[in-house]
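Shown next, in structure tokens, is the structure this report addresses.
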Amino acid sequence: MNSPTLAADSAADSDFPRLRALVEHARSLAARAPARIALVHPCDALALEAAARIRDDAIAHPLLVGNAQLIAQAAQQAGVDARDFEIVDTAAAGAAAAARAVELARDGSVRALMKGSLHTDELMSAVVDRNTGLRGNSRISHAFVFDLPRYHKLLALADCVVNISPDLKSKIDILGNALGLLRRLGVQAPKAAAIAAVETVNPAIPATLDAQELARLGREGRFGDAIVEGPLGFDNAFSAQAARTKHIESRCAGDCDLMVVPDLNAGNMLYKSFVYVGGGECAGLVLGARVPVVLTSRADSLTARLASVALSVVATHDET
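This is the structure in structure tokens:
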């Protein structure tokens, strides 16, 4: 994931009350049944700092999967004692750590994976391997949830990271995965907008045709208790006033829980705009695998890292 250097890096967690509430919720769940999360190849100072914060904030139990010698060196750079962590020693290569972490997820030893200092493709190659990976029943996708200063609740975006040019079949899974995550967050009847450049169906813009079909499937109950509308322009989905100005009747306008973007280009630019221009902060997960995957970047803020781990805890909590 090529995340931006978040504009909110220097801001206090209190600037993002909805993400703070998410972390608190995860902490309360962890107090009853601590979830183990595998930090895959955590072999730089940033990864060890994140591991220490996850442990100290009691969000989850971090299991360090990687070469013990490299982890010890990174811990020294971070001013952290590696002996305070449980370590699963592997060969030095990131791919070896990824393969071992996937094995741990397959046998139920960990509830989620978190990318350390290896390349994203090394981790995801192990996750999606058809023989030994973590493929589930739906296409693997990604969803962010954003805490935005100018929006009244968490707002999800999918897919801005994994699927480059998704077709309709892929978008059905992207939408379904994200709606499932929202329900885990307590949104009983999510409102989803399939957004495009325009709010009218235009055969020259394939995204509008996909959006129209997603809305039809939503009306037919394909996605359960959810409202799915589209195509909607971003302005109409985000602002009820914009929709009224254009005489658009919508139950989603100004109250969306989720926006499904047409492709990775649009999603990538939108989520970075939320951060850089909108002053927002986010948590994100790879969905559709047997366990959620937290993809991190050196540019991610600590707030985003912790919130993403918290999101994985909530997403995997056994409600029974």
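For the sequence shown, our numbering begins at 2 and goes up steadily by one. For each residue, glycine too, the CB sits at the ideal point set by N, CA and C.
Buried or exposed by the 16-neighbour rule on C-beta atoms within 10 Å, applied to residue i
i, result
"G80", "exposed"
"P167", "buried"
"V310", "buried"
"H143", "buried"
"K328", "No information on residue 328 is available, as it lies outside the stretch 2 to 321 that the chain covers here."
"S11", "A caution first: S11 carries a pLDDT of 35, below 50, which makes its placement in the model unreliable, though a value can still be read off. Exposed, since its Cβ has fewer than 16 Cβ neighbours within 10 Å."
"V294", "buried"
"G109", "exposed"
"G219", "buried"
"N269", "buried"
"R84", "exposed"
"R299", "exposed"
Residue i versus the options, residue with shortest Cα-Cα distance
i, options, result
"A290", "I228, L40, T209 and R112", "R112"
"R151", "R19, G234 and L119", "R19"
"T121", "L23, P43 and G255", "P43"
"G234", "R223, L218, L271 and A102", "L271"
"A75", "R101, R37, D57 and G117", "G117"
"I165", "P263, H153, A31 and S298", "P263"
"A308", "L296, A284 and L186", "A284"
"G181", "R28, L124, A205 and T317", "T317"
"V188", "A300, L259, A97 and R223", "L259"
Cβ-Cβ distance between residue i and residue j below 8 Å
i, j, result
"P232", "V202", "yes"
"V276", "V163", "no"
"E87", "L65", "yes"
"A190", "A244", "no"
"F147", "L135", "no"
"A216", "A208", "no"
"C253", "E230", "yes"
"I249", "N266", "no"
"A53", "M115", "no"
"L176", "A157", "no"
"N297", "F17", "Residue identity check: residue 297 is Thr in the sequence provided, not Asn. Contact: no."
"D211", "K172", "yes"
"A61", "I55", "yes"
"V41", "A98", "yes"
As assigned by DSSP and simplified to three states, the class of residue i
i, result
"A194", "strand"
"A254", "coil"
"F275", "helix"
"V66", "strand"
"A243", "helix"
"F235", "helix"
"V170", "A small correction: the amino acid at residue 170 is Lys; Val does not occupy that position in the sequence shown. K170: helix per DSSP, three-state reduction."
"P293", "coil"
"L114", "strand"
"A9", "With a pLDDT of only 37 at A9, under 50, the local geometry of the prediction cannot be trusted, and the value read off the model is given with reservation. Correct three-state label for A9: coil."
Close-in-space but distant-in-sequence residues of the same chain around residue i (CB under 8 Å, 5 per side omitted)
i, result
"H26", "A311 and V315"
"D174", "S139, R140, S142 and G289"
"T133", "A100, V103, E104, R107 and A127"
Neighbourhood of residue i by C-beta, 6 Å cutoff - its chain only, sequence neighbours within 5 removed
i, result
"D90", "A69"
"A100", "A127"
Cβ neighbours of residue i in the same chain (closer than 7 Å, five flanking residues each side left out)
i, result
"A93", "N68 and L71"
"S313", "I38, A113, L286, P293 and V295"
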